[in-house]
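Report on the following structure.
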Amino acid sequence: MNKKSKQQNAIKQAEYHAEYVNANLIRKEAKFNRKTEPDLVEWVESLETPYQTYVKRLIRDDMNKKKQETE
1 MNKKSKQQNA
11 IKQAEYHAEY
21 VNANLIRKEA
31 KFNRKTEPDL
41 VEWVESLETP
51 YQTYVKRLIR
61 DDMNKKKQET
71 E
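If you want it as structure tokens, here you go:
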């Protein structure tokens, strides 16, 4: 495979990845103020699990709690 073919292949892969991301993923950002929310900053920075995993677990726990309340 020559250099031009490799570049074209890389471009196609990047385009496919961008299409996949746009079609299948969402991103929600949370900002924490170091001055007004130092307790939250400290907590988030001390997490032993990845932040994304932690947030998803919180959301699922909340969903289950709400579901149980309505049953």
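Residues in the sequence shown are numbered consecutively from 1, following UniProt numbering.
Don't be surprised by glycine CBs; every beta carbon is placed ideally from N, CA and C.
Task: Beta-carbon gap between F32 and L40 smaller than 9 Å - done: In this structure, L40 lies closer than 9 Å to F32 by Cβ.
Open item on the list: Under 8 Å: does the beta carbon of N64 sit that close to some heavy atom of the ligand FMN?
Closed with: The ligand FMN is not among the ligands present in this structure, which contains no ligands whatsoever.
Task: Secondary structure of K12, DSSP reduced to three states - done: Here K12 sits in helix by DSSP.
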